[in-house]
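Trainee:
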Amino acid sequence: MSDSRKHSKIAELHQHLHAHLPPDPALRVKALEDLAVEKGLVARETLDTWVEMYAEKVGPKRGAEVIARAWTDPEYFTRLREDAGQAIKDFGYEGHATEHLIAVENTDEVHNLVVCTLCSCYPFALLGMSPAWYRSTAYRARAVREPRAVLSEFGVTIPADVKIRVWDSTAELRYLVIPQRPKGTESWSAEQLASLITRDSMIGTQRELVLEGGE
Amino acid sequence: MTPFDDPDLGLCGNAAEPPNGRFGQQWHAQVLAMANGLIEAGKISADDWAQSLGAALQSGVEAGNPDTEESYYLAALVALETVTIRNSTITSQQVDARKTAWEQAYLSTPHGEPVQLKVMKD
Numbered sequence: 004m005s006d007s008r009k010h011s012k013i014a015e016l017h018q019h020l021h022a023h024l025p026p027d028p029a030l031r032v033k034a035l036e037d038l039a040v041e042k043g044l045v046a047r048e049t050l051d052t053w054v055e056m057y058a059e060k061v062g063p064k065r066g067a068e069v070i071a072r073a074w075t076d077p078e079y080f081t082r083l084r085e086d087a088g089q090a091i092k093d094f095g096y097e098g099h100a101t102e103h104l105i106a107v108e109n110t111d112e113v114h115n116l117v118v119c120t121l122c123s124c125y126p127f128a129l130l131g132m133s134p135a136w137y138r139s140t141a142y143r144a145r146a147v148r149e150p151r152a153v154l155s156e157f158g159v160t161i162p163a164d165v166k167i168r169v170w171d172s173t174a175e176l177r178y179l180v181i182p183q184r185p186k187g188t189e190s191w192s193a194e195q196l197a198s199l200i201t202r203d204s205m206i207g208t209q210r211e212l213v214l215e216g217g218e
Numbered sequence: 506m507t508p509f510d511d512p513d514l515g516l517c518g519n520a521a522e523p524p525n526g527r528f529g530q531q532w533h534a535q536v537l538a539m540a541n542g543l544i545e546a547g548k549i550s551a552d553d554w555a556q557s558l559g560a561a562l563q564s565g566v567e568a569g570n571p572d573t574e575e576s577y578y579l580a581a582l583v584a585l586e587t588v589t590i591r592n593s594t595i596t597s598q599q600v601d602a603r604k605t606a607w608e609q610a611y612l613s614t615p616h617g618e619p620v621q622l623k624v625m626k627d
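Protein sequence lines correspond, in order, to chains A and B.
All residue numbers for the first sequence refer to my numbering, where the first residue is 4 and numbers rise by one.
All residue numbers for the second sequence refer to my numbering, where the first residue is 506 and numbers rise by one.
Dropping the structure here:
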C-alpha cells in the first residue's frame with residue numbers, strides 16, 4: 004500500500020472512530036453557552052427549559068386560547084383590546100416581551116398584518132416559534148412595501164375596499180391579530196373555536212378561518 | 506434585483522421551514538435560548554439584542570448570503586457573540602479557546618463515548 008493510500012485509510016478510520024464532530028456554529032454556541040453559565044450570566048436550567056418548551060411544546064395554541072376567549076367573552080375582548088399584556092396574564096402566558104403586547108382586530112373594513120422589519124421580534128410566549136418565512140429577508144422587506152402582493156403569495160386576496168394595516172414589531176412592542184370569528188360558530192365552545200385558529204391568522208397572513216371540527 | 510425582489514421566492518412555500526415551526530438544528534434553538542436567557546436575566550436589553558440581530562441580518566444581505574434559515578441563524582449567532590462579549594467579561598479569545606477545546610474533545614473521543622472537556626480553564 005502506498006503512503007498516500009495508507010494515510011487516507013488512517014484518516015478514514017479516524018473519522019469513523021471518533022465522536023461525530025458538530026458543525027462549526029454549533030461548537031461556537033456551545034463555547035459561548037459554557038462561558039455564560041460558568042460566569043453566572045445565565046443558568047443552564049433556564050436554557051434547557053427554554054429549548055424544551057419552544058422546540059417541542061409551545062405552539063400557537065396559547066394564542067388561539069386567548070382569541071377564543073375574546074370571541075366568547077365580551078368583557079375579556081374589551082380588556083384584550085385595551086391592554087393585551089395585562090389580559091394574557093389571566094392565562095399566565097406573559098413573557099419578557101409581552102408587557103406591551105397589542106391585540107389588533109380584523110374587521111370587514113380592516114385587515115391587520117404583523118412583521119418585524121428590523122429582525123424577527125415575535126410574540127413567542129403566545130405563538131411559539133416563529134415560522135421561517137417570518138424571519139426571511141423577503142417577508143421583512145416586502146410586508147410593509149407591498150402587503151397585498153405578499154398576502155397574495157399566501158393565497159390571501161384582500162378586497163380593494165378593505166384597508167390593510169401593517170404593524171412593525173420591536174423589541175418591546177409585539178402584536179397579536181384577532182381574526183374574525185367565522186359565521187356559523189355561534190354555538191361553539193371556546194375550546195372548539197380555539198381549534199380553528201391558526202398561527203398564520205394571528206400574524207395576519209391568513210384572513211378566513213376554515214370551519215373544520217367543532218360541530 | 507435584490508433577493509427579496511425575486512417574484513419566484515415563494516414566501517409561504519419556504520422549503521427550509523422545519524415542520525410544525527420547530528427548530529431545524531439543535532444549535533438554532535440554543536442561540537435563541539441564550540438570547541432569551543440573557544434578556545430575562547437582565548444581562549442584555551431586548552433592544553440591544555434586536556438592534557444587533559438586525560445589524561447582523563443586514564450584513565448578511567449585503568454580503569449576498571441566501572435568504573435561508575441557515576443564514577438567519579448564523580446572523581443570530583454573530584449577534585449573540587457580539588452582545589454577550591459587549592456586556593460581560595467574556596472575551597472572543599475565551600470563546601475561541603473553548604471552541605477549540607470542544608473540537609479537540611470531539612476528535613479525541615471514541616465513537617459512542619460521552620464527549621467531555623479535559624481542561625476547563627480559560
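Ideal placement from N, C-alpha and C gives every residue a C-beta, glycine not left out.
For Ala535(B) and Ala602(B), I'd like the C-alpha separation in whole angstroms.
Mentor: Walking along the second sequence from the start, residue 535(B) turns up at place 30. Walking along the second sequence from the start, residue 602(B) turns up at place 97. First, the residue type needs correcting, since residue 535(B) is Gln and not Ala in the sequence shown. Spanning the two alpha carbons is a distance of roughly 19 Å.
Trainee: Comparing the C-beta of Arg151(A) with each C-beta of chain B, is any distance below 8 Å?
Mentor: As a first step, residue 151(A) is located in the first sequence; it is residue number 148 there, counting from the start. With 8 Å as the cut-off, Arg151(A) does not count as an interface residue toward chain B.
Trainee: Opposite Leu179(A) in the DSSP bridges: which residues?
Mentor: Along the first sequence, one-based indexing puts residue 179(A) at 176. In DSSP, Leu179(A) forms a bridge with Ala106(A).
Trainee: Have a look at the DSSP bridge pairing and note the partners of Pro28(A).
Mentor: Residue mapping note: residue 28(A) aligns to position 25 of the first sequence, counting from 1. None, per the DSSP bridge assignment.
Trainee: Apart from the five residues just before and just after Tyr142(A), which ones in its own chain have a Cβ nearer than 8 Å to its Cβ?
Mentor: As a position in the first sequence, residue 142(A) is number 139, starting the count at 1. Val118, Trp136 and Val153.
Trainee: Which runs of the alpha helix (DSSP H) spanning at least 4 residues fall entirely within the region 40–99 of chain A, listed in chain order?
Mentor: You should have 47–55, 64–75, 77–85 and 87–90.
Trainee: Around the C-beta of Gln209(A), are 16 or more other C-beta atoms found within 10 angstroms, so that it is buried, or is it exposed?
Mentor: As a working mapping, residue 209(A) is identified with position 206 in the first sequence. It counts as buried.
Trainee: Between Glu55(A), Gly66(A), Val32(A) and Gly95(A), which has its C-alpha nearest Thr194(A)'s C-alpha?
Mentor: For the purposes of this step, residue 194(A) is taken as the residue at position 191 of the first sequence. For the sequence presented, residue 194(A) should be read as Glu rather than Thr. Nearest C-alpha to Glu194(A): Gly66(A).
Trainee: In chain B, which residues lie less than 8 Å from Met205(A) when you measure between Cβ atoms?
Mentor: Along the first sequence, one-based indexing puts residue 205(A) at 202. Those within 8 Å of Met205(A) in chain B number zero; the least Cβ separation is about 12 Å.
Trainee: Among all the DSSP beta bridges, which residues are the ones paired with Arg168(A)?
Mentor: For the purposes of this step, residue 168(A) is taken as residue 165 along the first sequence, with counting starting at 1. Answer by DSSP bridge pairing, in chain order: Asn115(A).
Trainee: Is the CB of Lys623(B) under 8 Å away from at least one CB in chain A?
Mentor: Within the second sequence, residue 623(B) is the residue found at index 118, counting from 1. Not closer than 8 Å to any Cβ of chain A, the Cβ of Lys623(B) fails to qualify, so no.
Trainee: Which residue marks the beginning of the alpha helix (DSSP H) containing Pro134(A), and which one marks its end?
Mentor: By 1-based counting over the first sequence, the position of residue 134(A) is 131. Segment: none, Pro134(A) is in no alpha helix (DSSP H) and carries neither H nor E.
Trainee: By DSSP, does Pro162(A) sit in helix, in strand, or in coil?
Mentor: For the purposes of this step, residue 162(A) is taken as the residue at position 159 of the first sequence. Coil.
Trainee: Starting from the C-beta of Ala220(A), find all residues in its chain whose C-beta is less than 7 Å away, skip the five residues before and the five after it, and write them out in chain order.
Mentor: For chain A, the structure presents residues 4 to 218; residue 220(A) sits outside this window and is missing.
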